[in-house]
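Beneath this line is the structure, given in structure tokens, with notes to follow.
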Amino acid sequence: MHFAEHIGANPGRSGHPLAKEAARVVQSTRDNLARLFNVSDSSRIVFALNVTEALNAVFHGHLNKGDHVIATDMEHNSVLRPLVHLQEAGFIDLDIAPCDRKGFLDIDALTRLLRPRTRLVALNHASNVCGTLQDVAAVRDAIADVPLLLDTAQTAGHFPIDAKALGIDFLAFTGHKGLLGPQGTGGLYVREGIELRPFKRGGTGSQSDELHQPEFMPDRMEAGTQNNVGIAGLGAAVGYILEQGVENIRRHEEMLTAAFLKGIWDTYSVAVYGPLDASRQVATISLTFDSTLLEESGQSLRCGSINLAWLEDDVSVEQADGRLSDEYDILIRAGLHCAPLAHKALGTFPEGTVRVSMGCFNTLEDVEVAVRAVKRIAAAR
Ligand SMILES: Cc1ncc(COP(=O)(O)O)c(C=O)c1O
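In my numbering, the protein residues as written are 127 to 507.
Right, dumping it as structure tokens:
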């Protein structure tokens with residue numbers, strides 16, 4: 127709000143005080159993000175519209191014809207669709223490393239997929255379907271020096287991420303989820319020593335005598351006027367997260383997750399997918415009220431026991447979604463959550479799941495309300 131009302135100038139385009147103030151605000155967002163991800167040179171962080179754009183910047187700016195890429199079952203369509211497109215265009219070879227029924231990546235299988243031409247491993251840090259957190263350090267070890275792209279859409283702001291310690295080459299983030307920023311913000315950290323081909327070129331306010339895109343970061347990757355109002359909001363939000371401490375936010379959300387899992391544990395006919403262990407997931411929990419689905423898929427991760435009398439009368443994920451919002455004012459998402467392969471791994475394809483997620487502003491009272499609602503829906507079947 128402050129940026130829109132009182133600054134509103136374009137950073138780097140003029141020398142007047144408002145342009146300088148705009149540049150300072152944008153730089154402070156970059157600095158806050160660098161602190162959050164333990165990045166020493168903040169110019170290696172570039173802004174984008176969202177994580178989808180940041181991921182595409184890697185696929186289109188890093189890969190060369192004939193490269194081999196590995197993604198995983200848990201990836202979002204923002205990774206799968208561009209990679210499948212490049213594969214179908216004959217540009218890359220793509221393999222999908224399998225995940226188990228709890229969503230954990232099979233690291234041995236990933237290792238077996240590596241080839242001399244493997245130029246990228248794309249990994250979803252935490253599943254947006256069932257919350258499963260991947261062991262990034264183990265993946266880093268397993269793939270040696272193959273560049274690693276981490277999609278932190280579900281972990282940035284929720285879980286401590288040390289890009290340097292984890293040896294992450296590309297860290298893609300979105301502003302509007304755990305980072306608490308406005309929609310239309312996100313970005314990418316690119317490790318020192320790797321240069322991407324920019325996938326758009328244009329004005330940057332720097333080296334204006336040159337007809338070529340500046341080589342230096344971040345201008346190399348930031349052509350055109352950015353969403354500076356959004357970036358200002360993102361900077362304020364990340365400043366808040368730094369003040370609270372991401373470890374404290376994680377502790378709080380882990381506590382809420384444990385309470386939710388414990389609360390619904392003995393609920394008849396509610397199945398829960400994912401690790402069922404708050405310490406190994408983020409606060410994103412997938413449920414179904416459909417026991418037949420479990421029986422068919424051999425799914426064994428259900429809570430409680432299945433009451434066979436109810437098998438005829440399941441509650442679909444859409445019905446549960448409607449009831450949670452209409453009757454209980456609980457806003458969740460139902461369906462496939464843009465991650466079809468994750469549901470195939472979990473055994474919930476094509477119906478999908480009811481996904482409940484919690485953030486740093488939720489309380490134990492919220493969890494109690496949600497648990498009661500889930501139990502009533504299950505009991506009313
Ligand atoms: C794991 C994951 N990756 C990518 C995305 C895409 O995010 P955005 O729409 O902000 O680009 C999402 C959002 O749903 C996500 O959960």
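Ideal Cβ positions, reconstructed from N, Cα and C, are used throughout, including at glycine.
Close beta carbons around residue i, own chain, < 8 Å, minus the five adjacent residues each side
| i | result |
| --- | --- |
| Val210 | Leu220 |
| Ala471 | Asp199, Met200, Pro224, Cys225, Asp226, Arg227, Gly229 |
| Asn190 | Arg245 |
| Gly424 | Its pLDDT being 45, under 50, Gly424 is placed unreliably by the model, and the measurement read from it follows with that caveat. Gly473, listed in sequence order. |
| Glu318 | Asp167, Arg170 |
| Ala149 | Pro137, Gly138 |
| Tyr366 | Leu306 |
Contacts around residue i, its chain only, beta-carbon distance under 7 Å, and the 5 residues preceding and following it disregarded
| i | result |
| --- | --- |
| Ile222 | Ala197, Thr198, Asp199, Leu467 |
| Val443 | Thr414, Ala460, Gly461, Glu477, Gly478, Thr479, Val480 |
| Leu292 | Val262, Ala263, Arg266 |
| Leu434 | Here the model assigns Leu434 a pLDDT of 37, short of 50, so the residue's position is not dependable and the matter cannot be decided. |
| Ala130 | Val355 |
| Ala499 | Leu450, Tyr454, Ile456 |
| Arg241 | His194 |
| Phe185 | Pro208, Leu209, Leu212 |
Residue i - DSSP class collapsed to helix/strand/coil
| i | result |
| --- | --- |
| Gly430 | With a pLDDT of 40 at Gly430, under the threshold of 50, the modelled position of this residue cannot be trusted; read the value that follows with caution. Here Gly430 sits in coil by DSSP. |
| Ile171 | strand |
| Ile287 | coil |
| Ala446 | helix |
| Trp436 | Its pLDDT being 40, under 50, Trp436 is placed unreliably in this model, and the coordinates cannot settle the point. |
| His194 | strand |
| Ile218 | strand |
| Leu240 | coil |
| Ala298 | strand |
| Asn136 | coil |
| Ile411 | strand |
| Arg207 | helix |
| Gly187 | helix |
Residue of the options minimising C-alpha distance to residue i
| i | options | result |
| --- | --- | --- |
| Val262 | Val495, Met484, Arg406, Glu494 | Arg406 |
| Val205 | Asp288, Ile233, Gly192, Asn176 | Asn176 |
| Leu314 | Ala135, Arg170, Gln153 | Arg170 |
| Ala183 | Phe296, Thr410, Glu379 | Phe296 |
| Glu321 | Lys303, Gly329, Asp345, Leu305 | Asp345 |
| Thr300 | Ala409, Ala145, Glu179, Gly350 | Glu179 |
| Val74 | Phe129, Gln153, Ile390 | The chain is shown only over 127 to 507; residue 74 falls outside these bounds and no answer can be derived. |
| His302 | Ala504, Gly485, Val497 | Gly485 |
| Met127 | Thr278, Val151, Ser166, Pro137 | Val151 |
| Met381 | Val398, Ala404, Tyr366 | Ala404 |
| Leu276 | Asp288, Leu249, Lys290, Gln260 | Leu249 |
| Ala279 | Asp492, Val408, Ala385, Tyr366 | Val408 |
| Gly350 | Leu144, Leu239, Arg327 | Arg327 |
| Asn203 | His469, Glu214, Ala465, Val482 | Ala465 |
| His251 | Leu274, Val165, His378 | Leu274 |
| Ile294 | Val165, Ala504, Ser140, Leu144 | Val165 |
| Met343 | Ser140, Gln153, Lys146, Leu144 | Gln153 |
| His469 | Val255, Asn374, Glu147, Leu144 | Val255 |
| Thr489 | Asp440, Glu379, Phe475, Ile458 | Glu379 |
| Leu100 | Val316, Leu360, Leu231, Lys290 | What is shown of the chain runs 127 to 507, which leaves residue 100 out entirely. |
| Thr392 | Ile458, Leu144, His284, Val497 | Checking the displayed sequence, the identity of residue 392 turns out to be Asp instead of Thr. Of Ile458, Leu144, His284, Val497, the residue nearest in Cα terms is Val497. |
Sequence-distant residues of the same chain with beta carbon closer than 6 Å to residue i, five excluded per side
| i | result |
| --- | --- |
| Gly356 | Pro308, Gly310, Thr311 |
| Ala282 | Phe299, Gly304, Leu305 |
| Val272 | Thr244, Val247 |
| Thr237 | Ala268 |
| Gly187 | Leu322, Arg323, Phe325 |
| Val372 | Pro286 |
| Leu259 | Ala252, Arg406, Gln407 |
Rounded C-alpha distance that separates residue i from residue j
| i | j | result |
| --- | --- | --- |
| His463 | Ala298 | 19 Å |
| Ser253 | Gln445 | 23 Å |
| Ile269 | Ile233 | 9 Å |
| Gly400 | Ile218 | 31 Å |
| His142 | Ile133 | 11 Å |
| Ala362 | Thr155 | 7 Å |
| Gln370 | Val396 | 35 Å |
| Met347 | Gly329 | 11 Å |
| Gly257 | Val364 | 22 Å |
| Asp447 | Thr383 | 19 Å |
| Phe173 | Arg502 | 44 Å |
| Leu212 | Gly192 | 10 Å |
| Ala135 | Gln339 | 22 Å |
| Lys388 | Glu341 | 53 Å |
| Phe487 | Arg376 | 12 Å |
| Phe386 | Ala358 | 34 Å |
| Ala505 | Val482 | 18 Å |
| Val398 | Asp492 | 19 Å |
| Leu239 | Leu231 | 13 Å |
| Ser412 | Ala215 | 34 Å |
| Glu421 | Leu402 | With a pLDDT of 49 at Glu421, under the threshold of 50, the modelled position of this residue cannot be trusted; read the value that follows with caution. If I take the Cα positions, the gap works out to 19 Å. |
| Lys146 | Asn353 | 16 Å |
Between the stretch 156-167 and the stretch 323-338, do three or more beta carbon pairs fall short of 8 Å?
no
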